[in-house]
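Novice: Quick one: the structure is below, questions incoming.
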Amino acid sequence: MKTTTDSKSPSPRREFIRRSLLLGGGVAFGTQTVFSNRNLYVASSNSEIPEGNIKSVGYAAQSATSGLNRWEFERRPLGDLDILINIKYSSICHSDIHQIKGHWGPQSYPQTPGHEIAGIVAAVGKNVTKFKVGDRAGVGCMVNSCMECASCLNGEEQHCDNRKTLYTYGNRDEKSPTGITQGGYSTNIVVTEHFAVHIPTNIKLEDAAPLLCSGITTYSPLMKERIKKGDKVGVVGIGGLGHMAVKLAVAKGAEVYAFTTTPEKIQDILSFGAKDVIVVDSPQKLFPYAGMLDFVISTVPYQFDVTSYLMTVKPYGTFTQVGLPPAGTLNVNAFVLAGGRVNFTGSMIGGIPETQEVIDFCALNKIYPKVEIINPEEINAAWDKVEKKQARYRYVIDMQKLK
Numbered sequence: 005m006k007t008t009t010d011s012k013s014p015s016p017r018r019e020f021i022r023r024s025l026l027l028g029g030g031v032a033f034g035t036q037t038v039f040s041n042r043n044l045y046v047a048s049s050n051s052e053i054p055e056g057n058i059k060s061v062g063y064a065a066q067s068a069t070s071g072l073n074r075w076e077f078e079r080r081p082l083g084d085l086d087i088l089i090n091i092k093y094s095s096i097c098h099s100d101i102h103q104i105k106g107h108w109g110p111q112s113y114p115q116t117p118g119h120e121i122a123g124i125v126a127a128v129g130k131n132v133t134k135f136k137v138g139d140r141a142g143v144g145c146m147v148n149s150c151m152e153c154a155s156c157l158n159g160e161e162q163h164c165d166n167r168k169t170l171y172t173y174g175n176r177d178e179k180s181p182t183g184i185t186q187g188g189y190s191t192n193i194v195v196t197e198h199f200a201v202h203i204p205t206n207i208k209l210e211d212a213a214p215l216l217c218s219g220i221t222t223y224s225p226l227m228k229e230r231i232k233k234g235d236k237v238g239v240v241g242i243g244g245l246g247h248m249a250v251k252l253a254v255a256k257g258a259e260v261y262a263f264t265t266t267p268e269k270i271q272d273i274l275s276f277g278a279k280d281v282i283v284v285d286s287p288q289k290l291f292p293y294a295g296m297l298d299f300v301i302s303t304v305p306y307q308f309d310v311t312s313y314l315m316t317v318k319p320y321g322t323f324t325q326v327g328l329p330p331a332g333t334l335n336v337n338a339f340v341l342a343g344g345r346v347n348f349t350g351s352m353i354g355g356i357p358e359t360q361e362v363i364d365f366c367a368l369n370k371i372y373p374k375v376e377i378i379n380p381e382e383i384n385a386a387w388d389k390v391e392k393k394q395a396r397y398r399y400v401i402d403m404q405k406l407k
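Below is the structure:
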């Protein structure tokens, strides 16, 4: 039976993350500690720093219906606390499609998506201490916040109390020459050093990129639930996020029950370590699992039959929704929610310290996403396959092919 902690008192792990954020220390995994080289380098005053706006090339949408095409634009000048990353790989998240196509509301264009970014540091501002030129670096779903409020100081910048979280693309940004943030389907990015993470040398950049969203989005709620050996975990929707949820839960020792609507994925999912794969072609397929699972995470980015899945959760167990459907709404039967005594929650990515944690954890334990490398000109076709549930399981764009 899981214990409940007072939300006003941070858990020992959360306090450790907070201290790591402030002190720049390593990240602990059980009895092992992984130390990165953050805070060990101070850029010299004569480091070569590019002047003025920085030219970039990306794939951008000109409207909600235009598709994506090559686009030349400029990034902001390198600031004293900024780093310039030459992007090697940027992977495709279903969120890119929802946002660019206006499923979550009106957008500004031209807009370059992409928030799973891996590359090499090409230049650093004069006050940068966390990175040096040549470091492997990643950028996820956000690129700034107020850095003064309780949430930011506690390593949860995605929940900035002052509502100043700046997301990687499509957010109004007065520093950007284009007026909005532009994402990782591009040749480079300028970002405040705090909002980049180190990518260990024992994981390929193309494998690290998807961890910047799909990895942290599923890792964070698993850690908040303190998933451990023997827990029964359900994963609903086995796509880019879902297949990482299976792998991460298995790595924590859980028995994983994977729910999919795609029979062709069964063997893949079993190879990821799932104990059982349930092809849900009718609600009746869920009946044998009623009241069985300690924790269920749903990665489904569309409206679906939430109530039937709620019934698989044990009394006082937790159902967490991380997939974000169009219009941001889900239909839930309140009687089932209350009568089943289910804790129904949502979760959104994770803070920068926790993002570093999942990168280090996956590198240390050899937990890699299943990826397919594509060229930039294949982006539109890949988006179409994602919407048709044909991705297996994360398309990663080789941005080195974009000139």
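In my numbering, the protein residues as written are 5 to 407. Backbone N, C-alpha and C define an ideal beta-carbon position, used for all residues, glycine too.
1) Would a C-beta distance cut-off of 8 Å place residue 236 and residue 296 closer than the cut-off?
2) Which residue from 391, 392, 384 and 396 puts its Cα closest to that of residue 189?
3) Check the DSSP bridge columns for residue 348 and list the partner residues they point to.
4) Would you kindly work out how many angstroms separate the C-alpha atoms of residue 149 and residue 164, rounded to a whole number?
5) With residue 384 as the anchor, note down where its alpha helix (DSSP H) starts and where it stops.
6) Grouping DSSP H, G and I as helix and E and B as strand, with all else coil, what is residue 161?
7) Hey, quick one: how far does the beta strand (DSSP E) through residue 395 stretch, first residue to last?
8) Kindly indicate which three-state DSSP category residue 202 falls into: helix, strand or coil?
9) What separation, rounded to the nearest whole angstrom, lies between the Cα atoms of residue 266 and residue 389?
10) If we count the other Cβ atoms within 10 Å of its Cβ and call it buried at 16 or more, is residue 318 buried or exposed?
11) Among 114, 299, 105 and 121, which has the Cα closest to the Cα of residue 95?
12) Which whole-angstrom value describes the C-beta separation of residue 356 and residue 202, a residue pair presumed to lie in contact below a C-beta threshold of 8 Å?
13) How close, in whole Å, do the beta carbons of residue 141 and residue 200 come, if the pair is a contact with beta carbons under 8 Å?
14) Please list, in chain order, all residues of the same chain as residue 280 whose beta carbon is under 6 Å from its beta carbon, the five residues on each side excluded.
15) Would you please state the rounded distance, in angstroms, between the beta carbons of residue 175 and residue 184? I believe it to be under 8 Å.
16) Considering just the uninterrupted stretch of the alpha helix (DSSP H) at residue 409, what are its terminal residues?
17) When you compare only the Cα positions, how much space is there between residue 354 and residue 102?
18) With C-beta atoms as the reference, is residue 224 less than 8 Å away from residue 312?
Specialist: Taking the coordinates as given:
1) yes
2) 384
3) 323
4) 6 Å
5) 383–391
6) helix
7) Looking at the DSSP string, residue 395 is not in any beta strand (DSSP E), and its letter there is neither H nor E.
8) strand
9) 14 Å
10) buried
11) 121
12) That pair is no contact at about 11 Å.
13) 5 Å
14) 261
15) 6 Å
16) As displayed, the chain neither begins before 5 nor continues past 407, which places residue 409 out of reach and without an answer.
17) 20 Å
18) no
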